[in-house]
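Structure record follows, encoded as structure tokens.
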Amino acid sequence: MSSKFDVVVIGGGPAGYVAAIRAAQNGLATACIDAWRTAAGELSLGGTCLNAGCIPSKALLESSEIYHRACHELGAHGIDAGEVRLDLARMQARKAAIVARLCGGIQGLFRANAVTALAGHGALLPGNKVRFTPHQGEARLLEADHVILATGSQPIELPSLPFDGERIVDSAGALELDAVPHRLGVIGAGVIGLELGSVWRRLGAEVTVLEALDQFLPMADAQIAREAERQLRRQGLDIHLGARVQSGERSAGGVRLRYEDRQGSHELEVDRVVVAVGRRPHTAGLLDPLSGVVTDARGCIEVDAHCRTSAANVWAIGDVVRGPMLAHKGSEEGVMVADLIAGRYGHVNYAVIPSVIYTTPEIAWVGRSEAELVADGVAFKAGTFNFAASGRALAMDQAAGIVKVLADAASDELLGVHVCGPMAGELIAEAVVAMEFQGTAEDLQRTIHAHPTLAEAVHEAALAADRRAIHAINR
Ligand code: FAD
Ligand code: NAD
Numbered sequence: 003m004s005s006k007f008d009v010v011v012i013g014g015g016p017a018g019y020v021a022a023i024r025a026a027q028n029g030l031a032t033a034c035i036d037a038w039r040t041a042a043g044e045l046s047l048g049g050t051c052l053n054a055g056c057i058p059s060k061a062l063l064e065s066s067e068i069y070h071r072a073c074h075e076l077g078a079h080g081i082d083a084g085e086v087r088l089d090l091a092r093m094q095a096r097k098a099a100i101v102a103r104l105c106g107g108i109q110g111l112f113r114a115n116a117v118t119a120l121a122g123h124g125a126l127l128p129g130n131k132v133r134f135t136p137h138q139g140e141a142r143l144l145e146a147d148h149v150i151l152a153t154g155s156q157p158i159e160l161p162s163l164p165f166d167g168e169r170i171v172d173s174a175g176a177l178e179l180d181a182v183p184h185r186l187g188v189i190g191a192g193v194i195g196l197e198l199g200s201v202w203r204r205l206g207a208e209v210t211v212l213e214a215l216d217q218f219l220p221m222a223d224a225q226i227a228r229e230a231e232r233q234l235r236r237q238g239l240d241i242h243l244g245a246r247v248q249s250g251e252r253s254a255g256g257v258r259l260r261y262e263d264r265q266g267s268h269e270l271e272v273d274r275v276v277v278a279v280g281r282r283p284h285t286a287g288l289l290d291p292l293s294g295v296v297t298d299a300r301g302c303i304e305v306d307a308h309c310r311t312s313a314a315n316v317w318a319i320g321d322v323v324r325g326p327m328l329a330h331k332g333s334e335e336g337v338m339v340a341d342l343i344a345g346r347y348g349h350v351n352y353a354v355i356p357s358v359i360y361t362t363p364e365i366a367w368v369g370r371s372e373a374e375l376v377a378d379g380v381a382f383k384a385g386t387f388n389f390a391a392s393g394r395a396l397a398m399d400q401a402a403g404i405v406k407v408l409a410d411a412a413s414d415e416l417l418g419v420h421v422c423g424p425m426a427g428e429l430i431a432e433a434v435v436a437m438e439f440q441g442t443a444e445d446l447q448r449t450i451h452a453h454p455t456l457a458e459a460v461h462e463a464a465l466a467a468d469r470r471a472i473h474a475i476n477r
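The following block contains the structure:
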């Protein structure tokens with residue numbers, strides 16, 4: 003096998019594998035090194051996203067939601083299903099099959115595009131050389147005109163609560179539990195805490211969420227966050243804000259947590275704990291001190307707006323660089339870099355990256371929140387619409403939540419769209435397209451939305467921004 007490539011990508015997650023495929027599509031001889039292995043020792047492309055993140059979590063969110071509905075919500079539809087039984091092993095096997103299928107799919111795409119997949123560890127050396135150390139066998143040197151670093155991120159460990167892989171687990175461990183814990187502690191009410199807390203709550207666990215900040219979901223629009231918090235509490239997530247964990251120790255049956263909040267010190271006894279307090283860039287063993295690539299105080303590889311590092315022809319993308327840790331953000335950076343390397347146009351619109359939290363209801367947004375617009379001194383108008391007035395949402399028995407549209411008071415340009423409600427993650431796509439084209443509230447107003455659909459709520463919220471909603475009283 004050749005040791006000389008046009009492009010070597012280190013990391014085969016959604017940033018790296020997408021960059022590799024696009025580079026190959028651009029006619030560049032491309033290799034992608036990835037270290038992820040299945041239990042059987044096989045290369046498993048797809049990174050955190052496919053192996054232990056987006057995909058397995060969504061598989062469990064879907065299964066647990068169906069279980070919850072079967073247990074509690076079929077009666078409202080006039081369906082008596084009798085006794086509903088949970089077979090967690092089968093639920094987990096379904097999840098594993100989806101992961102295996104998608105990871106295998108990437109291998110197939112690599113073969114179809116003639117990307118060379120290399121199973122093992124990659125390290126960047128000076129002069130655009132890469133040391134490839136396979137899982138078995140001798141290390142060898144690869145030469146590349148361009149190197150793309152896409153090594154992703156890792157969960158942050160709390161010194162007071164180190165992972166033990168059994169009772170104190172990270173998100174990967176929380177996706178693999180083989181029994182529903184009676185009492186589950188979740189540290190961090192961020193995206194992972196809420197999604198995985200929801201999974202185990204729906205399957206029957208008593209879930210207590212300890213969040214250090216006083217504010218719930220500070221990155222979301224405050225009105226949307228309030229609505230989401232109300233709905234999630236209603237489902238039984240016991241959320242404690244302003245709760246700082248002091249220590250955790252293994253007790254006879256589980257873990258004893260000590261935390262402090264405004265009321266004082268508390269003890270909480272749980273069977274298992276999921277620590278989900280954020281992720282940090284993964285660069286362990288990646289950068290030779292003379293490689294010329296610089297990291298910042300948070301450990302992110304420093305890059306410019308086009309993902310160029312400080313070393314010539316070395317690029318970095320995805321979770322290992324600044325910006326939101328989202329699969330689609332990394333993938334778009336991968337496409338941009340592979341196109342720029344090939345001499346084509348490449349660009350990522352960082353202002354229009356959608357965020358989705360896959361709870362019930364889902365929470366999704368794009369653009370700026372009301373608080374951000376106020377802070378930026380932008381004059382804006384706001385329109386909201388409640389799913390309670392949506393025929394489709396009522397028919398689905400999922401009428402909780404709202405859509406909020408924010409548009410510039412003078413130009414009418416869309417500045418932010420925020421949704422807490424059924425299928426919010428799908429609904430937000432319309433807003434993303436509209437904002438990508440610098441659309442206005444009027445553009446959404448004049449676009450015909452099929453009836454009865456959830457998307458009508460986006461239409462009505464846009465109309466409400468000009469006090470012209472049809473199915474709501476305009477105030
Ligand atoms: P990664 O996916 O982390 O991939 C990096 C790869 O590089 C890994 O395979 C790693 O083994 C490999 N690697 C690292 N160092 C080396 C080395 N030196 N040599 C060789 N290989 C190396 N994002 C969303 O957008 N939507 C979601 O719904 C979502 N859900 C998530 C759920 C969970 C539980 C978690 C943990 C994350 C979720 N994310 C989600 C975040 C998403 O997974 C990440 O943003 C995304 O995977 C980042 O992609 P990446 O390619 O930068 O890194
Ligand atoms: P996060 O940053 O979303 O949330 C971490 C939470 O933990 C924050 O609210 C923080 O205040 C809190 N926290 C920090 N230290 C704490 C402490 N000592 N005690 C109590 N609370 C503490 O991080 P995450 O949930 O771990 O997710 C990591 C990344 O993965 C995120 O950046 C997210 O973008 C990505 N992700 C995305 C999705 C999605 O797109 N649906 C799903 C899962 C993960």
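In this text, residue positions in the sequence shown follow this note's numbering: the first is 3, and each later residue adds one. For glycine and all other residues, C-beta sits at the position ideal for the given N, C-alpha and C.
Looking at the unbroken alpha helix (DSSP H) that takes in residue i, where does it start and where does it end?
| i | result |
| --- | --- |
| Cys34 | Here Cys34 belongs to no alpha helix (DSSP H); instead the beta strand (DSSP E) covers Thr32 to Asp36. |
| Pro58 | Cys56 to His74 |
| Leu429 | Ala426 to Glu438 |
| Ala395 | Gly393 to Ala397 |
| Gly418 | Taken as a continuous stretch (DSSP letters only), Gly418 belongs to no alpha helix (DSSP H), being part of the beta strand (DSSP E) at Leu416 to Gly423. |
| Asp445 | Ala443 to Arg448 |
| Glu208 | Note, Glu208: premise wrong, no alpha helix (DSSP H); beta strand (DSSP E) at Glu208 to Leu212. |
| Ser200 | Val193 to Arg204 |
| Ala459 | Ala457 to Ala466 |
| Phe112 | Leu90 to Asn115 |
| Glu334 | Ala329 to Ile343 |
| Ile226 | Ala224 to Arg236 |
| Val11 | Premise fails: Val11 lies in the beta strand (DSSP E), Lys6 to Ile12, not in any alpha helix (DSSP H). |
| Gly29 | Element bounds for Gly29: n/a, residue is neither H nor E. |
| Ser173 | Ser173 to Ala176 |
Please tell me whether, using a cut-off of 6 Å, the distance from the CB of residue i to the nearest non-hydrogen atom of the ligand NAD is below it.
| i | result |
| --- | --- |
| Gly18 | no |
| Met338 | no |
| Ala436 | no |
| Ile226 | no |
| Gly1 | No answer is possible for residue 1: the residues shown for the chain start at 3 and end at 477. |
| Arg258 | no |
| Met425 | no |
| Val211 | no |
| Gly190 | yes |
| Val295 | no |
| Val247 | yes |
| Ala61 | no |
Within a Cβ cutoff of 7 Å, which residues of the same chain sit near residue i, ignoring the five residues on either side of it in sequence?
| i | result |
| --- | --- |
| Glu75 | Asp399 |
| Thr135 | Gly122, His123 and Ala141 |
Along the chain, where does the beta strand (DSSP E) that runs through residue i open and close?
| i | result |
| --- | --- |
| Arg260 | Val257 to Asp263 |
| Arg123 | Note that residue 123 corresponds to His in the displayed sequence, not to Arg. Counting along the chain, the beta strand (DSSP E) containing His123 begins and ends at Thr118 to Leu127. |
| Arg282 | Arg281 to Pro283 |
| His473 | Taken as a continuous stretch (DSSP letters only), His473 belongs to no beta strand (DSSP E), as it is neither H nor E. |
| Arg252 | Arg246 to Arg252 |
| Gly385 | Phe382 to Asn388 |
| Gly1 | Lying outside 3 to 477, the shown extent of the chain, residue 1 is not represented and no answer is given. |
| Gly403 | Run containing Gly403: none; DSSP gives neither H nor E here. |
| Gln156 | Ser155 to Pro157 |
Compute the distance between the beta-carbons of residue i and residue j, then report whether it is under 7 Å.
| i | j | result |
| --- | --- | --- |
| Val305 | Val323 | yes |
| Ala409 | Ala474 | no |
| Ala463 | Gly385 | yes |
| Ser333 | Ala313 | no |
| Phe389 | Ala395 | yes |
| Leu243 | Asp216 | yes |
| Cys309 | Val339 | yes |
| Ile12 | Leu111 | no |
| Leu417 | Arg470 | no |
| Val276 | Val188 | yes |
| Gly190 | Val279 | yes |
Pop quiz: residue i and residue j are said to be a contact at Cβ under 8 Å. What is the actual Cβ separation, rounded to whole angstroms?
| i | j | result |
| --- | --- | --- |
| Gly195 | Val211 | 6 Å |
| Gly441 | Gly320 | Not confirmed; about 28 Å, so no contact. |
| Ala411 | Ala381 | 4 Å |
| Asp263 | Ala245 | 5 Å |
Give me, in chain order, the residues of the same chain whose beta-carbon lies closer than 8 Å to that of residue i; leave out the 5 immediate sequence neighbours on both sides.
| i | result |
| --- | --- |
| Pro164 | Ile170 |
| Gly55 | Gly49, Ser173 and Ala329 |
Can you name, in chain order, every residue of its own chain whose Cβ lies under 6 Å from the Cβ of residue i, other than the five neighbours on each side?
| i | result |
| --- | --- |
| Glu271 | Arg258 |
| His451 | Ala457, Glu458 and His461 |
| Arg185 | Glu208, Val272 and Asp273 |
Quick check: is the beta carbon of residue i nearer than 7 Å to any beta carbon in chain D?
| i | result |
| --- | --- |
| Asp89 | The structure shown has no chain D; it contains just one protein chain. |
Given 6 Å as the limit, tell me if residue i has its C-beta closer than that to any heavy atom belonging to the ligand FAD.
| i | result |
| --- | --- |
| Ala21 | no |
| Gly107 | no |
| Met327 | yes |
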